[in-house]
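Data first, discussion second: the structure below is written as structure tokens.
Residue numbers (the UniProt record's numbering): 1 to 124.
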């Protein structure tokens, strides 16, 4: 099995160019799992996400932004990964899963570190 991982600090999905770039990249690379940081989204519309992923067969975990900062999306192919546990935190998403067709278990972590200096100290 060939697993592909895409991780991208998108710096906001606010412009159509960013949405198109994300969609085109995901469609051309066909990753097994994708991590987007700094989405700047406070809520996630599943139709929006399915357009980016290119299919209705997708599982996601979403952590909203804090105002105009942060925000995380982790999306994966449920034909490859079976999520056992998912932990959604303010600045991280942890997905623990089985890789289907094998005995391999793993956890993936999508992290967005804080920008502000006073918060960085408590984050590390």
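All C-beta atoms in this analysis are idealised placements derived from N, C-alpha and C, irrespective of residue type, glycine included. Computed from a prediction, not measured in an experiment: that's the story for all the values here.
Straight-line spacing of the CA atoms in residue 105 and residue 95 works out to 11 Å.
Residue 19 has its alpha-carbon roughly 20 Å from the corresponding atom of residue 77. Counting only runs that start and end inside the region 48-79, there is no alpha helix (DSSP H) element of at least 4 residues. Annotation for residue 7: the continuous beta strand (DSSP E) segment containing it runs 5-9.
In this structure, the straight-line span from the alpha carbon of residue 74 to that of residue 35 is close to 5 Å. Residue 89 and residue 63 do touch by the CB rule: their CB atoms are close to 7 Å apart, below 8 Å. Shown here, residue 43 sits in coil according to DSSP, grouped into three states, outside any helix or strand. The Cβ atoms of residue 91 and residue 113 lie closer than 8 Å to each other.
By the neighbour-count definition (other C-beta atoms within 10 Å, threshold 16), residue 41 is a buried residue.
Boundaries for residue 16: no beta strand (DSSP E) harbours it, while the alpha helix (DSSP H) harbouring it runs 16-29, taken from the DSSP string. The Cβ-Cβ distance between residue 23 and residue 4 does not fall below 8 Å.
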